[in-house]
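K.L.:
Take -9 as the starting number for the first sequence in the working numbering and just add one per residue.
We put the beta carbon where it would ideally sit given N, CA and C, even for glycine.
The structure that follows is given in the form of structure tokens.
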Amino acid sequence: MNTLNEQQRIAVEYCDGPSLVIAGAGSGKTRVLTYKIMHLLNCGLPPETILALTFTNKAAKEMRDRIMQMVGYQTAKRLWMGTFHSIFGRILRNEAEKIGFTPDFTIYDTEDSKRALKSIIKEMMLDDKIYKTNLVLYKISEAKNNLITAQSYAQNKIYTSQDYYNHTPMISEIYRRYAIYCKRNNAMDFDDMLLYTNILFRDFPDVLTKYQNTFGYILVDEYQDTNFAQYLIINQLGATHKRVCVVGDDAQSIYSFRGANIKNILNFQKTYPEGKIFKLERNYRSTKNIVNAANSLIEKNHNQHKKICFSENEDGEKITISQLFSDYDESYAVASNIEQWIRKQDEQVNYADIAILYRTNAQSRVLEESLRKRMIPYKVYGGTSFYQRKEIKDALAYFRLTINHKDEEALKRIINVPARGIGETTLKKLISCATNHNCNTWNIIENLEDFDLNISKKTKENLINFRELFINNRKQLFEIDAYTLANNIIRSSGLKTETLRDNTQENISKRENLDELLKAIHAFCETQQQETGTQPFLSDFMQDVALLTDQDIEDEKSKNDPNKVTMMTIHASKGLEFDYVFIVGLEENLFPSSMMQSENDLEEERRLMYVALTRAKKGCAITYVKQRFRNGRMEFSNPSRFIQDIDSQYVKTTNIVSPISNLNSNNFSSKSIHNFLENNHLTKITHKKGEQCQELGEFAVGKRVKHTIFGFGTIQSIEDLGNDSHLRIQFDNVGLKTLLSKYAKLEVID
DNA sequence: TGACCGCGTCTTTTT
DNA sequence: GACGCGGTCA
């Protein structure tokens, strides 16, 4: 307790009633939470009566590790500590039968949901240009977050009239069918997990009472990110004893698109009139300059709890703001800046101390390129994560279907992967037969002989083989450990064999990914073995895997090789800190995003900028560009308004950096930079536009080149278009392609 | 049935 | 640029 400051100590020690801790960025929020749990344990609360909810696995793990260090593994593991989804997933599995599921229900990720919705929209013969999956999913998700079930949606005037007005009156019916579909598949999506928890508590008061009595104290991290469903769960679980402590920072509320309601934190005292509010305003993380700059930015927002964050650290360097010509220059500038920082004489800077943050995942590509060229080690979070990869999702679908035969999404996904002669037509027959008999498609396959499907003998044989595969695997489900079974399935299904057919880059990468998956399962088995003394089954692994995020996987991977620059979206960076931070792409329509129009949206974007700034401990560099390649085309842009929002006394502006002056390094050999110079300034056009030529810049007919994706090839012809050129290249593996020299990532091989 | 090609559409953030 | 869809053809 001596290591806490006054504000922190008071917040930790107050346990008599509900409290809200408003914790500014870097104010020791996790510290307060862990100490509070320690304090509760010291007061004699048994660990299994403490419920601590976080939003990410990482945050939960961090807290658990810290507590473990202080009280030991045995006590720490008895705490109810985890993400909303993992904790209530656990409760839902315990109580599954009450709400019409079995304990082995599948968790659908966004892709599964979209696929399901797509087929429902098709089945209803609706126009998919009007009923776009993304839109429909968003509407359903919004409804679920507000605890509107399919049934109440149909009766809800606000929702239905809005849909009517938007010419999408059938959303209500799609929602209804989707809900039935999920239930029949024994599956829940992310939103369902919170919705069904609420339904469980509503319809089974004895269950609610049971958990109310179980949890003597409830702590919630990142309270500003809770949605209504989460709010109500907390509210109900704490209804009798009111021993609830929520921690958050309204200035860092950035998830409204996911249903987070900033009012939960702003209106805390309406929910708990007797509640106490504590503020942690001292920032331990950043320099004075960074904290002041962030304050000056967030001041421009109106909707917030007033607080005055301050730092007692050194003044620190000013934030640099640089304008670059193009996204290409930006990435180049970032890479050279990283090298400068690493080479700093007066201070030891490691790659791991540096982060590059951006608004959208698509921005990472160019940056990666520049870092790779300079041999700067980096890791990218987000984008298509490991568990989203096709081959991985296929393997997981095999596991899912083995565990839960009703999982129709999994079935549809893999019935013909790898191709085994069960195509669209057969699948349709199976599904319509299932619909007619009001059962699952698997039931039809299981009892194939009892139905007249009008399929060929060959197809029937294929189906029987497919069935046998699963029957065999299912027998082993609770007989052999997760790793062995997973390995068996990947082999017997033909997934592995498929990748061995040839050695294209694609297949090699698929093979590696499948091995990586097996490795992950192996690691899971080992930890479980250590913790519980028994080998886990595949179903244990699958319960975990659905709730893993990209961050968890990247962190796991980088354990052995931690010294890398971090690249991620600002959203993903929340809760993290780095010595030096780049914030790139500060342009109108990108950041703030062009999707954000309303005043509320803009305030959220500004909070996002606030989050980005406050990640930095020592230094921060902001960049923006005049032209950027986006959505397959060049776009011109103006500096973001957020640049103006930062008080000028905290920043140092580098004036327009022309592409040439930016290239002050002697590294001119890099192909793309060469192109860049050629295309914009230095090329002497010796032939007319649109003409075929033998040579252009470093390119010449007959020269060998290497492309990052297509591999090696030979230039067949060059057509000069003035500002750009078409290159026809015969690639060794993928054949003839026409590429734009400006954007193709080509390297000439001498 | 399955491979392949060309076209149109979409890219904001994610537990 | 990436991806999904629909059409075509063997």
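How would you write the range of the beta strand (DSSP E) that GLY609 sits in, first residue to last?
P.N.:
606 to 620
K.L.:
Go ahead and label PHE45 buried or exposed: buried means 16 or more other beta carbons lie within 10 angstroms of its beta carbon, across all protein chains shown.
P.N.:
buried
K.L.:
Could you have a look at PRO629 and say whether DSSP puts it in helix, strand or coil?
P.N.:
Per DSSP, reduced to three states, the secondary structure at PRO629 is strand.
K.L.:
Out of curiosity, what's the CA-to-CA distance linking GLN338 and ILE332?
P.N.:
7 Å
K.L.:
Is ILE461 a contact residue of the ligand GDP, with contact defined as CB to any heavy atom under 7 Å?
P.N.:
The ligand GDP is absent from the structure shown, which contains no ligands of any kind.
K.L.:
At which residue ranges does the segment 222 to 262 contain complete beta strand (DSSP E) runs of 3 or more residues, listed in the order of the chain?
P.N.:
234 to 238
K.L.:
When DSSP builds the beta bridges, which residues end up paired with GLU737?
P.N.:
LYS696
K.L.:
Hey, which unbroken runs of the alpha helix (DSSP H) at 4 residues or more fall wholly within the segment 426 to 471?
P.N.:
Scanning the segment 426 to 471 for uninterrupted alpha helix (DSSP H) segments of 4 residues or longer gives 431 to 436 and 447 to 465, listed from N- to C-terminal end.
K.L.:
From the DSSP output, in three-state form, read off VAL407 for me.
P.N.:
coil
K.L.:
Please report how far the alpha carbon of LYS448 lies from the alpha carbon of MET160, in whole angstroms.
P.N.:
40 Å
K.L.:
Note down the Cα distance separating GLN587 from GLN152, rounded to an integer number of angstroms.
P.N.:
19 Å
K.L.:
Note down the Cα distance separating ALA611 from LYS308, rounded to an integer number of angstroms.
P.N.:
9 Å
K.L.:
Buried or exposed: which applies to PHE613, given that a residue is buried once 16 or more other Cβ atoms fall within 10 Å of its Cβ?
P.N.:
One detail in the question is off: residue 613 reads as Thr in this sequence, not Phe. Flag for THR613 reads buried.
K.L.:
Less than 6 Å between C-beta atoms, sequence neighbours within five positions excluded: which residues of the same chain meet that for LEU391?
P.N.:
ASP397, ALA400 and LEU401
K.L.:
Under the three-state reduction of DSSP, which class applies to LYS642: helix, strand or coil?
P.N.:
strand
K.L.:
ALA177 and THR96: beta carbons closer than 8 Å?
P.N.:
yes
K.L.:
When you compare only the Cα positions, how much space is there between ASN503 and ASP492?
P.N.:
Looking at the two C-alpha atoms, the distance is approximately 16 Å.
K.L.:
Within the same chain, show all residues whose beta-carbon is closer than 6 Å to that of LEU(-6), passing over the 5 residues directly before and after it, in chain order.
P.N.:
If you ignore the 5 residues before and after LEU(-6), its C-beta comes within less than 6 Å of no other C-beta in its own chain.
K.L.:
Going by CA-CA distance only, name the one from GLY703, MET585, GLU506 and GLY565 that's closest to ALA13.
P.N.:
GLY565
K.L.:
Have a look at ASN654 and ASN(-8) and give me their C-alpha separation to the nearest angstrom.
P.N.:
Reliability of the predicted coordinates at ASN654 is poor, the pLDDT of 36 falling under 50, and no value is obtained from them.
K.L.:
Return the CA-CA distance between ILE346 and SER563, expressed in angstroms with no decimal places.
P.N.:
10 Å
K.L.:
With H, G and I counted as helix, E and B as strand and the rest as coil, what does DSSP make of GLY79?
P.N.:
helix
K.L.:
Using the DSSP secondary-structure output, state which residues sit across from TYR741 in a beta bridge.
P.N.:
Beyond the ends of the chain as shown, which are -9 and 740, falls residue 741; an answer cannot be given.
K.L.:
Which partner residues does VAL11 have in the DSSP bridge list?
P.N.:
VAL237 and PHE268
K.L.:
May I have the straight-line CA-CA distance separating LEU361 from ASP118, to the nearest angstrom?
P.N.:
41 Å
K.L.:
Compare the C-alpha of LEU69 against each of PRO195, THR139, TYR207 and MET115 and name the closest.
P.N.:
TYR207
K.L.:
Tell me whether LYS383 is buried or exposed, calling it buried when 16 or more other Cβ atoms sit within 10 Å of its Cβ.
P.N.:
buried
K.L.:
Nearest to GLY18 by CA position, among LEU35, GLN(-3) and HIS29, is which residue?
P.N.:
GLN(-3)
K.L.:
So, are the CB atoms of ILE742 and ILE110 less than 8 Å apart?
P.N.:
No answer is possible for residue 742: it lies beyond the span of the chain, which begins at -9 and ends at 740.
K.L.:
SER583 by DSSP, collapsed to three states: which one?
P.N.:
strand
K.L.:
Under the three-state reduction of DSSP, which class applies to ILE111: helix, strand or coil?
P.N.:
helix
K.L.:
Which residue marks the beginning of the beta strand (DSSP E) containing ASP336, and which one marks its end?
P.N.:
Here ASP336 belongs to no beta strand (DSSP E), and DSSP marks it neither H nor E.
K.L.:
Given 8 Å as the limit, is there contact between the segment 53 to 61 and the segment 80 to 87, that is, 3 or more CB pairs closer than that?
P.N.:
no
K.L.:
Would you say ALA476 and ILE421 are within 8 Å of each other, going by their C-beta atoms?
P.N.:
No.
K.L.:
Going straight from the alpha carbon of ALA602 to that of MET60, what length do you get?
P.N.:
One C-alpha to the other measures close to 32 Å.
K.L.:
From what residue to what residue does the beta strand (DSSP E) around ILE96 run?
P.N.:
The sequence given here has Thr at residue 96, not Ile. Per DSSP, THR96 is one residue of the beta strand (DSSP E) stretching across 96 to 98.
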